[in-house]
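K.L.:
Can you keep this structure in mind? I'll have questions shortly.
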Amino acid sequence: MITILAGLKAQMGKETELAEACALLANEVRTQEEGNLMYIAHVTANDPTEIIFVEKYKDEQAMADHRHSAHFKEAGSKFKDLLAAPPAIKILKEL
Numbered sequence: 000m001i002t003i004l005a006g007l008k009a010q011m012g013k014e015t016e017l018a019e020a021c022a023l024l025a026n027e028v029r030t031q032e033e034g035n036l037m038y039i040a041h042v043t044a045n046d047p048t049e050i051i052f053v054e055k056y057k058d059e060q061a062m063a064d065h066r067h068s069a070h071f072k073e074a075g076s077k078f079k080d081l082l083a084a085p086p087a088i089k090i091l092k093e094l
């Protein structure tokens with residue numbers, strides 16, 4: 000199993016647009032990706048411009064399928080106009 004934490008930082012004034020795009024992506028991932036075990040977007044409690052995705056995939060292939068999916072690519076196109084910085088991605092391995 001692979002766990003990913005993906006942090007996104009919205010441009011000032013773009014928080015709502017980014018949150019809506021993230022919620023849409025999360026729904027599409029959960030309903031369309033068989034190898035996805037969890038995909039939840041969270042807004043941080045102390046910073047409304049920061050969104051953290053918690054993602055779990057059954058294996059490397061499922062993670063690759065996610066990166067190559069049409070909905071992921073479409074979201075990436077939307078995100079580039081909404082983000083203040085590149086996404087911060089952490090790939091975790093269970094102990």
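Heads up: the sequence shown begins at 0 in numbering that gives the first Met the number 0, then just goes up one per residue.
For every residue, glycine included, the Cβ atom is placed at its ideal position computed from N, Cα and C.
On a predicted model such as this, the values are computed, not experimentally measured, just so you know.
Compute the Euclidean distance between the alpha carbons of Lys-20 and Phe-78, then round it to the nearest angstrom.
P.N.:
For the record, residue 20 in the displayed sequence is Ala; it is not Lys. If you take the alpha carbons of Ala-20 and Phe-78, they lie about 8 Å apart.
K.L.:
What residues match up with Val-42 in a beta bridge as DSSP calls it?
P.N.:
The bridge partners DSSP lists for Val-42 are Ile-50.
K.L.:
Under 8 Å, with one C-beta from each stretch per pair, do the segment 28-41 and the segment 57-74 reach the 3-pair mark?
P.N.:
Contact holds between the segment 28-41 and the segment 57-74, because three or more Cβ pairs, one in each stretch, are under 8 Å apart.
K.L.:
With DSSP collapsed to three states, give me the class of Leu-17.
P.N.:
helix
K.L.:
In angstroms, rounded to a whole number, what distance separates the CA positions of Ser-76 and Leu-82?
P.N.:
11 Å
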